[in-house]
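A.B. asks: Line by line, the protein sequences give chains G and L. Under our numbering, the first residue of the first sequence carries the number 1, and numbering increases by one thereafter. Under our numbering, the first residue of the second sequence carries the number 263, and numbering increases by one thereafter. Below is a structure I'd like to ask you about.
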Amino acid sequence: MKTNARSFLGELYDSRNVLSQLVSQQLILRYRRTALGYFWTLINPLLMMSVMALVFATLFKADLKTFTVFLFAGMIPWNFFSSAVTQSGASFINNEGLIKKIYLPKIIFPLSIAFALLIDSALSFLALFVIILFIGGSLSWAVLFIPIAYVILFFFALGISLITSVATVFFRDLQHIILIAMQGLFFLTPILYKNDALAGKVAWLVGLNPVVPFIELFRAPLSQASLPSIIVILQAIGFSLSAMVIGLFIFLQQEKKIVFRL
Amino acid sequence: MSSILIENLSIKFRIYHDRSPSFKDYFASLFKRQRHVAYSDFWAVKDVSFEIKAGDRVGIIGHNGAGKSTLLKALCRVYEPSDGRISVDGRIAPLLEIGAGFHPEFTGRENIYLNGAILGYTKQQLNVIEPEVITFAELEEFIDTPVKYYSTGMYMRLAFSLATAMHPDILVLDEIFAGGDAAFMAKARARMHNLIDKADIMIMVSHDHELIKSLCNRVIWLDHGKLTADGSPEDVVGRYLAGKHNG
Numbered sequence: 001m002k003t004n005a006r007s008f009l010g011e012l013y014d015s016r017n018v019l020s021q022l023v024s025q026q027l028i029l030r031y032r033r034t035a036l037g038y039f040w041t042l043i044n045p046l047l048m049m050s051v052m053a054l055v056f057a058t059l060f061k062a063d064l065k066t067f068t069v070f071l072f073a074g075m076i077p078w079n080f081f082s083s084a085v086t087q088s089g090a091s092f093i094n095n096e097g098l099i100k101k102i103y104l105p106k107i108i109f110p111l112s113i114a115f116a117l118l119i120d121s122a123l124s125f126l127a128l129f130v131i132i133l134f135i136g137g138s139l140s141w142a143v144l145f146i147p148i149a150y151v152i153l154f155f156f157a158l159g160i161s162l163i164t165s166v167a168t169v170f171f172r173d174l175q176h177i178i179l180i181a182m183q184g185l186f187f188l189t190p191i192l193y194k195n196d197a198l199a200g201k202v203a204w205l206v207g208l209n210p211v212v213p214f215i216e217l218f219r220a221p222l223s224q225a226s227l228p229s230i231i232v233i234l235q236a237i238g239f240s241l242s243a244m245v246i247g248l249f250i251f252l253q254q255e256k257k258i259v260f261r262l
Numbered sequence: 263m264s265s266i267l268i269e270n271l272s273i274k275f276r277i278y279h280d281r282s283p284s285f286k287d288y289f290a291s292l293f294k295r296q297r298h299v300a301y302s303d304f305w306a307v308k309d310v311s312f313e314i315k316a317g318d319r320v321g322i323i324g325h326n327g328a329g330k331s332t333l334l335k336a337l338c339r340v341y342e343p344s345d346g347r348i349s350v351d352g353r354i355a356p357l358l359e360i361g362a363g364f365h366p367e368f369t370g371r372e373n374i375y376l377n378g379a380i381l382g383y384t385k386q387q388l389n390v391i392e393p394e395v396i397t398f399a400e401l402e403e404f405i406d407t408p409v410k411y412y413s414t415g416m417y418m419r420l421a422f423s424l425a426t427a428m429h430p431d432i433l434v435l436d437e438i439f440a441g442g443d444a445a446f447m448a449k450a451r452a453r454m455h456n457l458i459d460k461a462d463i464m465i466m467v468s469h470d471h472e473l474i475k476s477l478c479n480r481v482i483w484l485d486h487g488k489l490t491a492d493g494s495p496e497d498v499v500g501r502y503l504a505g506k507h508n509g
């Protein structure tokens, strides 16, 4: 087991060059030959979130400034998580040509997606930062917690992504199911509303939702100018570790069967 | 010194008769008492054993679907053995399908780095071989154009030049002798021979028996996934051709 783990990590280290090529391929390709290029990565979610902020601030009769920061702080971790899980679902299927021709450690396909999205997300976070300053929001030292929040969120998203990437190879229907499930999960996650706002029959669903503490990790420093409570941090780390353990376990067990099922 | 040892290698493919099983089928089959078998097993390679030592130039022959390419892909670790073992000592080059992993939107130069990384070259190695690859492929003018605008010949030249830029210990070839015009073909052939000369071990699959006889010092005949003959090129190719005419 020890030698297995060492060869797995060694192989991953040896293929760091392919990994960085795949990451930059993803970052560059989307906006090649567009006038604004990579800027679209920043503009797109910001415009989307602005529309949402405007609509829901009016709907909830909330103060636009506060609500914008509140919403953006929730949307950024959510967008990262949801894109990573959805895009990884197709990662082996989209690279079928490569996987069937050349041996590469297969984990690099979901991993490269997660890395590319992390870079996107970090940059849109910087844009949010500028917006907060611009609309005169207050920033506190608690913001320094954000990189740690990203690390915890990254491993959670990667763990779930490993599960969806492998499972989709065996059940192609999952590609569509994941999309719908993420839509549902979005509304069950306190992004548009406050943590305890959803009362009544579905409240227990929010209680079971593992994404909730991750939103809180980002929202506390940005929107409430305070560190997240230690319970929330521990919860998030717990979910993150469990996702990685389960994800790696499923991945390593099925890795060698993937090529036969593409 | 490089060597390859293959012991009782078998590779099984599961052939699904209708389609990939959906969730519905999966759950339905859980509740059915008698499971409906929607697939059959197919042994592409069955119980093959042989050893290759440094200096061997091995040609693999056999009819279509005999398991030749599957065997090569197993050597390059694309397929995991269903049974048996493969031990490879030496740096093996995945030269099965040149141009795999090229991205049409990327320029020639970007593809050198992308495809080079996939082939296992380091960034430093790629920096060194980049000018040589471009010169050999005769693409100086078009190297910063996306490869989707390349002609088939240009694409092949770039892929071939890159794939053959490094000298592996173990060279694995699946029917590749580059395309392009006559002048490039001659150049490519010389480069290929040079590559073969410098490799410790060469394994190739080809239907061109003259080529096999001229390049190999040992031939393996695969038939329906089983090893039928292993010996000198003249002898095995002769028996293969004779057998084909009789059958």
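The beta-carbon is built from N, C-alpha and C at its ideal position, and this holds for glycine as well.
Could you tell me if Q386/L is buried or exposed, where buried requires 16 or more neighbouring beta carbons within 10 angstroms of its beta carbon?
C.D. replies: Along the second sequence, one-based indexing puts residue 386/L at 124. Exposed: under 16 other Cβ atoms inside 10 Å.
A.B. asks: On the CB-based measure, 16 or more other CB atoms within 10 Å of its CB, does Y13/G come out buried or exposed?
C.D. replies: Here residue 13/G corresponds to residue number 13 of the first sequence, with the count starting at 1. Its Cβ having fewer than 16 others within 10 Å, Y13/G is exposed.
A.B. asks: Is any beta-carbon of chain G found at less than 8 Å from that of I322/L?
C.D. replies: Residue 322/L sits at position 60 when you count from the first residue of the second sequence. Answer no: the Cβ-Cβ gap between I322/L and chain G never drops below 8 Å.
A.B. asks: Looking only at its chain, what residues have a beta carbon closer than 8 Å to the beta carbon of V18/G, apart from the 5 residues adjacent to it on each side?
C.D. replies: Locating residue 18/G in the first sequence gives position 18, where the first residue counts as 1. Result list for V18/G: L104 and I108, in chain order.
A.B. asks: Here's the rule I'm using: 16 or more other beta-carbon atoms within 10 Å means buried, otherwise exposed. How should M48/G be labelled?
C.D. replies: Along the first sequence, one-based indexing puts residue 48/G at 48. The residue is exposed, with fewer than 16 neighbouring Cβ atoms inside 10 Å.
A.B. asks: Report all residues from its chain with a CB closer than 7 Å to the CB of Q175/G; omit the five preceding and five following residues, and keep chain order.
C.D. replies: The residue labelled residue 175/G in the question sits at position 175 within the first sequence. Here the set comprises G89, A90 and T168.
A.B. asks: Is the separation between the beta-carbon of P356/L and that of I93/G shorter than 8 Å?
C.D. replies: Counted from its first residue, the second sequence places residue 356/L at position 94. Counted from its first residue, the first sequence places residue 93/G at position 93. Going by C-beta atoms, P356/L is not nearer than 8 Å to I93/G.
A.B. asks: Chain L beta carbons: is any one of them nearer than 8 Å to that of L4/G?
C.D. replies: By one-based count along the first sequence, residue 4/G stands at place 4. Residue identity check: residue 4/G is Asn in the sequence provided, not Leu. It does not; no Cβ of chain L falls within 8 Å.
A.B. asks: If we require 3 or more residues per run, which beta strand (DSSP E) segments fall completely within the region 334-417 of chain L?
C.D. replies: Correct list: 345-351 and 354-357.
A.B. asks: Identify the contact partners of L29/G in chain L, using a Cβ-Cβ distance below 7 Å as the criterion.
C.D. replies: Numbered from its first residue, the first sequence carries residue 29/G at position 29. The contacting residues are E367.
A.B. asks: Whose CA, out of Q26/G, F81/G and A57/G, lies closest to the CA of T189/G?
C.D. replies: Within the first sequence, numbered from 1, the residue matching residue 189/G stands at position 189. The candidate whose alpha carbon is nearest that of T189/G is F81/G.
A.B. asks: In angstroms with no decimal places, state the Cα-to-Cα distance between I323/L and E496/L.
C.D. replies: On the second sequence, residue 323/L is found 61 positions in, with the first residue counted as 1. On the second sequence, residue 496/L is found 234 positions in, with the first residue counted as 1. Their backbone Cα atoms lie some 12 Å apart in a straight line.
A.B. asks: Less than 8 Å between CB atoms is the rule here; does A427/L satisfy it with respect to chain G?
C.D. replies: Here residue 427/L is taken as the residue at index 165 of the second sequence, counted from 1. For A427/L, the answer is no, since every Cβ of chain G falls outside 8 Å of its Cβ.
A.B. asks: Do we get a CB-CB distance below 8 Å when we pair Y412/L with the residues of chain G?
C.D. replies: The count along the second sequence starts at 1 and reaches residue 412/L at position 150. Chain G, which has no Cβ nearer than 8 Å to the Cβ of Y412/L, makes this no.
A.B. asks: Between K330/L and chain G, is the shortest Cβ-Cβ distance under 8 Å, so that the two count as touching?
C.D. replies: Within the second sequence, the letter at position 68 stands for residue 330/L. No, no contact with chain G.
A.B. asks: Would you say P45/G and V143/G are within 8 Å of each other, going by their C-beta atoms?
C.D. replies: To locate residue 45/G, count along the first sequence from 1; it is residue 45. To locate residue 143/G, count along the first sequence from 1; it is residue 143. Contact flag unset, no.
A.B. asks: Can you name, in chain order, every residue of its own chain whose Cβ lies under 8 Å from the Cβ of F312/L, other than the five neighbours on each side?
C.D. replies: The count along the second sequence starts at 1 and reaches residue 312/L at position 50. Result list for F312/L: I268, I482, L489 and D492, in chain order.
A.B. asks: Do you know offhand how far L337/L's Cα is from A5/G's?
C.D. replies: To locate residue 337/L, count along the second sequence from 1; it is residue 75. To locate residue 5/G, count along the first sequence from 1; it is residue 5. Whole-angstrom Cα-Cα distance: 23 Å.
A.B. asks: Given this structure, state the Cα-to-Cα distance separating S302/L from P343/L, to the nearest angstrom.
C.D. replies: Here residue 302/L refers to the residue found at position 40 when the second sequence is read from its first residue. Here residue 343/L refers to the residue found at position 81 when the second sequence is read from its first residue. The alpha-carbon atoms of S302/L and P343/L are separated by roughly 18 Å.
A.B. asks: Just list the residues that DSSP pairs D462/L with in beta bridges.
C.D. replies: To locate residue 462/L, count along the second sequence from 1; it is residue 200. In DSSP, D462/L forms no bridge with anything.
A.B. asks: Checking contacts by CB at 8 Å: is K315/L closer than that to chain G?
C.D. replies: Here residue 315/L is taken as the residue at index 53 of the second sequence, counted from 1. Not an interface residue.
A.B. asks: Residues of the region 384-398 of chain L in Cβ contact with chain G at a cutoff of 7 Å, in chain order, please.
C.D. replies: Cβ contacts with chain G come from T384 and K385.
A.B. asks: Determine the extent of the alpha helix (DSSP H) in which A57/G is found, giving its start and end residues.
C.D. replies: What you label residue 57/G is simply residue 57 of the first sequence in a count that begins at 1. Segment F39 to L59, the alpha helix (DSSP H) holding A57/G.
A.B. asks: Please tell me whether, using a cut-off of 7 Å, the distance from the CB of L262/G to the nearest non-hydrogen atom of the ligand PLP is below it.
C.D. replies: Ligands displayed in this structure: none; no statement on the ligand PLP is therefore possible.
A.B. asks: Within 10 Å of its beta-carbon, does G317/L have 16 or more other beta-carbons around it, so buried, or fewer, so exposed?
C.D. replies: Residue numbering aside, residue 317/L sits at position 55 when the second sequence is read from its first letter. Looking at its Cβ environment, which holds fewer than 16 other Cβ atoms inside 10 Å, G317/L is exposed.
A.B. asks: So, under 8 Å CB-CB, L424/L and N377/L are touching, yes? Tell me the CB distance rounded to an integer number of Å.
C.D. replies: One-based indexing of the second sequence puts residue 424/L at position 162. One-based indexing of the second sequence puts residue 377/L at position 115. Their Cβ separation, rounded to whole angstroms, is 6 Å, which keeps L424/L and N377/L in contact under 8 Å.
A.B. asks: So what does DSSP say about N94/G, is it helix, strand or coil?
C.D. replies: Residue numbering aside, residue 94/G sits at position 94 when the first sequence is read from its first letter. Looking at N94/G - three-state DSSP - the assignment turns out to be helix.
A.B. asks: Can you give me, in chain order, the residues of the region 12-25 of chain G that have a beta carbon less than 7 Å from any beta carbon in chain L?
C.D. replies: Cβ contacts with chain L come from N17, V18, Q21 and Q25.
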